[in-house]
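Novice: Pasting a structure here, questions to come.
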């Protein structure tokens, strides 16, 4: 049985892609099981309920050599802890190539689109398989989530076309109203501990050259109520400091993205992060915050800028 899973601290796309890809492979004669590598965020349970689908189980400890398929990621730091001992046979992703290595040639499907779910719709079409209603609802939800309903600069015409195709199959008549309901669920943070808020959408990235390697944790909280999140700044900074110490990181950033107004206020932990933000993005820090304006995409606007900063041209 092929194990299919997305990245740690899974978002909606990571969960949906694992579920739908596992079902697609099984329909094509490759028995597969979806798993997750962490707890669900606040948006994903809403999506699963709407689709009438159960959450995938946590990935158990897999024996060395077990065949696996990766979705929505391909970097070891964001994957199963023993990924190097597993046999990666397939990868479906919309991120840049990372440090993945394999002993045998795997099936790879990478496309520069806004969501892995958009690629999975293409795989259904290429296999001449209809998209089942529940899967259509899942794929639609993932695209709306990853592109912030087309607000993110990662959005492509393929993502828009996919949503237009999937909405009637999924039985969603008002896509905008459904997207807003998803974002409301994502923003219902309640009394969630600060450490949990930080890690809901959080990834560790390697930067710099081998002689001066850097490892930074970058979290994002996408919300329709940024005031609530920013009101817990002191708690979040404490959680960021703890994460930096526990994971041996050079720095930690947490971007609070206002979904509706398409703005980014980033919490700044120390002078280290302040220096990097000032020099890399040309912004000033005041009261532990940096206004990054319309830079709302970690993948397209934050990480590439940091990569260029830490790896200057010779």
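In UniProt numbering, the protein residues as written are 1 to 314.
Quick reminder that beta carbons are idealized off the backbone N, C-alpha and C, glycines included.
Look up residue 222 in the DSSP assignment and give the residues it is bridged to.
Specialist: Indexing the chain shown from 1 puts residue 222 at position 222. 257, per the DSSP bridge assignment.
Novice: With distances taken between CB atoms, is the gap from residue 89 to residue 67 smaller than 8 Å?
Specialist: Here residue 89 is taken as the residue at index 89 of the chain shown, counted from 1. Here residue 67 is taken as the residue at index 67 of the chain shown, counted from 1. Result yes, Cβ atoms of residue 89 and residue 67 sit closer than 8 Å.
Novice: For chain D, find out if any of its Cβ atoms is closer than 8 Å to the Cβ of residue 68; answer yes or no.
Specialist: Any reference to chain D falls outside this structure, which holds one protein chain only.
Novice: May I ask you to verify whether the segment 40–59 touches the segment 182–191, counting CB pairs closer than 8 Å and requiring at least 3?
Specialist: Touching, yes, given that three or more Cβ pairs across the two stretches are closer than 8 Å.
Novice: Where does residue 93 land, buried or exposed, given buried means 16+ other C-beta within 10 angstroms?
Specialist: Your numbering for residue 93 matches position 93 in the chain shown. Buried, since its Cβ has 16 or more Cβ neighbours within 10 Å.
Novice: Please work out which residues of its chain come closer than 6 Å, Cβ to Cβ, to residue 85, disregarding the five sequence neighbours upstream and downstream, and give them in chain order.
Specialist: As a position in the chain shown, residue 85 is number 85, starting the count at 1. 64, listed in sequence order.
Novice: Under the three-state reduction of DSSP, which class applies to residue 93: helix, strand or coil?
Specialist: Here residue 93 refers to the residue found at position 93 when the chain shown is read from its first residue. Reduced to three states, the DSSP call for residue 93 is strand.
Novice: Count Cβ pairs between the segment 130–143 and the segment 161–168 that sit closer than 8 Å; are there 3 or more?
Specialist: At 8 Å Cβ cutoff, the stretches touch.
Novice: For the alpha helix (DSSP H) containing residue 69, list its first residue and its last residue.
Specialist: In the chain shown, residue 69 corresponds to position 69, counting from 1. Counting along the chain, residue 69 falls outside any alpha helix (DSSP H), though it belongs to the beta strand (DSSP E) covering 67–71.
Novice: Distance check for residue 28 and residue 259, CA to CA, integer angstroms please.
Specialist: Your numbering for residue 259 matches position 259 in the chain shown. Your numbering for residue 28 matches position 28 in the chain shown. Taking the straight line from one Cα to the other gives about 38 Å.
Novice: Using the three-state DSSP reduction, which class does residue 28 fall into: helix, strand or coil?
Specialist: To locate residue 28, count along the chain shown from 1; it is residue 28. In this structure, residue 28 counts as coil in the three-state DSSP scheme.
Novice: Tell me the rounded alpha-carbon separation between residue 157 and residue 117.
Specialist: Locating residue 157 in the chain shown gives position 157, where the first residue counts as 1. Locating residue 117 in the chain shown gives position 117, where the first residue counts as 1. Rounded to whole angstroms, residue 157 to residue 117 spans 14 Å at the Cα level.
Novice: Throw me the rounded Cβ distance for the residue 114 and residue 72 pair, which I believe falls under 8 Å.
Specialist: In the chain shown, residue 114 corresponds to position 114, counting from 1. In the chain shown, residue 72 corresponds to position 72, counting from 1. That pair is no contact at about 12 Å.
Novice: From residue 224 to residue 148, what does the alpha carbon distance come to, in whole angstroms?
Specialist: By one-based count along the chain shown, residue 224 stands at place 224. By one-based count along the chain shown, residue 148 stands at place 148. Computed Cα separation, rounded: 11 Å.
Novice: Taking 8 Å as the limit between beta carbons, can you name the residues of its chain near residue 176, skipping five residues before and five after?
Specialist: Here the question's residue 176 lines up with position 176 in the chain shown. Excluding residues within five positions, the ones whose Cβ falls inside 8 Å are 149.
Novice: Which residues in the same chain have their Cβ closer than 7 Å to the Cβ of residue 295, if we skip the five residues on either side of it in sequence?
Specialist: Within the chain shown, the letter at position 295 stands for residue 295. Once the five neighbours on either side are set aside, the close Cβ partners of residue 295 are 264, 301 and 302.
Novice: Return the chain-ordered ranges of every alpha helix (DSSP H) run that is complete within the UniProt domain "DHHA2" (179–310) and spans a minimum of 4 residues.
Specialist: Runs of the alpha helix (DSSP H) inside the UniProt domain "DHHA2" (179–310): 194–199, 226–230, 233–246, 271–281 and 303–310.
Novice: Using beta-carbon positions only, say whether residue 124 and residue 24 come within less than 8 Å of one another.
Specialist: Here residue 124 is taken as the residue at index 124 of the chain shown, counted from 1. Here residue 24 is taken as the residue at index 24 of the chain shown, counted from 1. Cβ atoms of residue 124 and residue 24: closer than 8 Å.
Novice: Buried or exposed: which applies to residue 52, given that a residue is buried once 16 or more other Cβ atoms fall within 10 Å of its Cβ?
Specialist: Taking the first residue of the chain shown as 1, we reach residue 52 at position 52. Exposed: under 16 other Cβ atoms inside 10 Å.
Novice: From residue 127 to residue 208, what distance separates their C-alpha atoms?
Specialist: By 1-based counting over the chain shown, the position of residue 127 is 127. By 1-based counting over the chain shown, the position of residue 208 is 208. Near 41 Å, if we compare the C-alpha coordinates of residue 208 and residue 127.
Novice: Using the C-alpha atoms, what's the distance from residue 99 back to residue 285?
Specialist: On the chain shown, residue 285 is found 285 positions in, with the first residue counted as 1. On the chain shown, residue 99 is found 99 positions in, with the first residue counted as 1. So the two alpha carbons sit approximately 33 Å from each other.
Novice: Would you give the residue range spanned by the beta strand (DSSP E) that residue 3 belongs to?
Specialist: For this step, residue 3 is matched to residue 3 along the chain shown. 2–5 is the extent of the beta strand (DSSP E) around residue 3.
Novice: Closer than 7 Å by C-beta to residue 31: which residues in its own chain qualify, once you throw out the five before and the five after it? Chain order, please.
Specialist: Position 31 of the chain shown, counted from the first residue, corresponds to residue 31. 1 and 2.
Novice: Looking only at its own chain, which residues have a Cβ that is under 8 Å from the Cβ of residue 97, when we skip the five neighbours before and after it?
Specialist: Start at 1 with the first residue of the chain shown, and residue 97 comes out as number 97. These residues qualify, in order along the chain: 74 and 110.
Novice: The beta strand (DSSP E) with residue 110 in it runs from where to where?
Specialist: Translated into the one-based positions of the chain shown, residue 110 becomes position 110. Residues 107–110.
Novice: Please report the Cβ distance between residue 69 and residue 21, rounded to the nearest whole angstrom; I am assuming they are in contact, meaning their Cβ atoms lie under 8 Å.
Specialist: For the purposes of this step, residue 69 is taken as the residue at position 69 of the chain shown. For the purposes of this step, residue 21 is taken as the residue at position 21 of the chain shown. About 7 Å; that satisfies the 8 Å criterion.
Novice: Under 8 Å, do residue 248 and residue 268 count as touching if we go by C-beta distance?
Specialist: Locating residue 248 in the chain shown gives position 248, where the first residue counts as 1. Locating residue 268 in the chain shown gives position 268, where the first residue counts as 1. Not in contact: residue 248 and residue 268 (Cβ atoms no closer than 8 Å).
Novice: Suppose the cutoff is 7 Å on Cβ atoms and the five residues either side in sequence are ignored; what does the same chain contact list for residue 283 look like?
Specialist: For the purposes of this step, residue 283 is taken as residue 283 along the chain shown, with counting starting at 1. Counting only Cβ-Cβ distances below 7 Å, and skipping sequence neighbours, we find 277, 290, 291 and 292.
Novice: Is the beta carbon of residue 253 sitting closer than 8 Å to the one on residue 216?
Specialist: As a working mapping, residue 253 is identified with position 253 in the chain shown. As a working mapping, residue 216 is identified with position 216 in the chain shown. Their beta carbons are under 8 Å apart, which means residue 253 touches residue 216 by this criterion.
Novice: Suppose the cutoff is 7 Å on Cβ atoms and the five residues either side in sequence are ignored; what does the same chain contact list for residue 171 look like?
Specialist: As a working note, residue 171 is residue 171 in the chain shown. Correct list, in chain order: 133.
Novice: List the DSSP bridge partners of residue 87.
Specialist: Position 87 of the chain shown, counted from the start, is the residue given in the question as residue 87. Bridge partners of residue 87: 67.
Novice: In terms of alpha-carbon separation, which member of 119, 212 and 297 lies closest to residue 218?
Specialist: In the chain shown, the residue the question calls residue 218 occupies position 218. Comparing Cα-Cα distances from residue 218 to each of 119, 212 and 297, the minimum goes to 297.
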